[in-house]
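Participant: Anchor point for the sequence shown: position 69 equals 76 in my numbering, and the numbering is continuous, going up by one each time.
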Amino acid sequence: MQHSRHSKPSRCPHQPPCPTPDRPDREAARTIAWHPEQGWSLLCNGVVLFDDNGQLLPDGRTVPPHHAPRHRVPAAA
Ligand SMILES: [Zn+2]
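1) Grouping DSSP H, G and I as helix and E and B as strand, with all else coil, what is Ala82?
2) So does Arg68 have its beta carbon nearer than 6 Å to some heavy atom of ligand 1?
3) Return the residue from the list Glu44, Asn60, Asp66, Asn52 that minimises the CA-CA distance to Pro20.
4) Would you report the Cα separation of Thr38 and Asp29, rounded to the nearest angstrom?
5) Any idea what DSSP makes of Ala35, helix, strand or coil?
6) CA-CA distance, Glu44 and Asp58?
7) Is it buried or exposed for Ala36, if we count other Cβ within 10 angstroms and need 16 for buried?
Listed below in structure tokens is the structure:
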């Protein structure tokens, strides 16, 4: 098991596993960091999800907002 600091954040501890960033349902991944004051959330699969549903993918691509905003909340225990 390798643990490089450059490894992609694709090793998901969740069951069932979160969708990978290249999946259309990538935003269904668990929220692992939530910054409402800054308007973005970091998902388990490395996607940064903005308040307007725009996304920044781990490979640097951006996805424009594609549907109506909805509130995300930190994953409840
Ligand atoms: Zn996960």
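Idealized CB from N, CA, C, for every residue including glycine.
Facilitator: Looking at the atomic coordinates:
1) Walking along the sequence shown from the start, residue 82 turns up at place 75. Three-state result, Ala82: coil.
2) Counting from 1 along the sequence shown, the entry for residue 68 is found at position 61. No.
3) Here residue 20 refers to the residue found at position 13 when the sequence shown is read from its first residue. Ranking Glu44, Asn60, Asp66, Asn52 by Cα distance to Pro20 puts Asn52 first.
4) Locating residue 38 in the sequence shown gives position 31, counting from the first residue. Locating residue 29 in the sequence shown gives position 22, counting from the first residue. Distance between the alpha carbons of Thr38 and Asp29 is about 17 Å.
5) In the sequence shown, residue 35 corresponds to position 28, counting from 1. Correct three-state label for Ala35: helix.
6) Counting from 1 along the sequence shown, the entry for residue 44 is found at position 37. Counting from 1 along the sequence shown, the entry for residue 58 is found at position 51. Taking the straight line from one Cα to the other gives about 10 Å.
7) Position 29 of the sequence shown, counted from the start, is the residue given in the question as residue 36. By the 10 Å Cβ count, Ala36 comes out buried.
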